[in-house]
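Comments concern the structure below.
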Amino acid sequence: MDKYRLVFPPTVGYMILYYLFYKPILNNFEEHKAFPLLLGIVVGYQLYDLMHYFFHHADHREGSYMKMMKTYHMQHHYKYGTIGFGVSNKLWDFVFKTEIMPGGDKQNQEAVIANAKYQK
Ligand SMILES: [Zn+2]
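The numbering used here puts the sequence shown at residues 3 to 122.
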């Protein structure tokens with residue numbers, strides 16, 4: 003496993019968050035609504051980063067949900083880069099039809115990848 007391929011650099015990540023969210027939210031919401039919303043975005047991003055790091059480095063118990071999601075996430079990194087984006091769960095992969103199917107059915111995975119490219 004590539005231990006350096008972990009999280010997005012925080013400085014760059016916060017710069018992107020700033021341009022994507024800070025100004026638009028301050029321009030469209032009153033301060034008493036904007037700042038809690040921005041805090042939620044920053045905390046959510048930080049939790050995502052920590053969870054991503056955890057999935058890469060923690061030694062998960064065999065047969066556990068965490069082990070299954072780590073395997074799923076590693077397949078995204080090293081086998082099927084254009085599908086399987088979920089880190090903590092597969093909800094959005096299910097919604098956007100980018101879920102990596104269990105069992106490694108190659109024909110099925112190729113169909114999912116083709117569908118994901120078609121949707122772009
Ligand atoms: Zn990862």
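Think of the CB as a built atom: it goes at the ideal place given N, C-alpha and C, for glycine as much as any other residue.
Here the structure is a predicted model, which means the values were calculated and not measured.
Neighbour-count burial assignment, residue i, 16 or more Cβ in a 10 Å radius
i          : result
residue 95 : buried
residue 72 : buried
residue 74 : buried
residue 10 : exposed
residue 57 : buried
Within 7 angstroms, strictly: CB atoms of residue i and residue j
i          : j          : result
residue 40 : residue 27 : yes
residue 68 : residue 59 : no
Proximity to residue i [Cα-Cα], best of the options
i          : options          : result
residue 98 : 105, 86, 49, 104 : 86
residue 82 : 29, 48, 100      : 100
residue 12 : 47, 92, 24       : 47
residue 80 : 90, 52, 43, 102  : 102
residue 18 : 35, 43, 38       : 43
Other residues of its chain near residue i: CB distance less than 7 angstroms, five sequence neighbours each side excluded
i          : result
residue 24 : 40
Cut-off 6 angstroms between Cβ atoms - residues of its own chain near residue i, not counting five sequence neighbours on either side
i          : result
residue 91 : none
### Task
Using the beta-carbon of each residue, find all residues closer than 6 angstroms to any heavy atom of ligand 1 and list them in chain order.
Qualifying residues come out as 54, 58, 75, 79.
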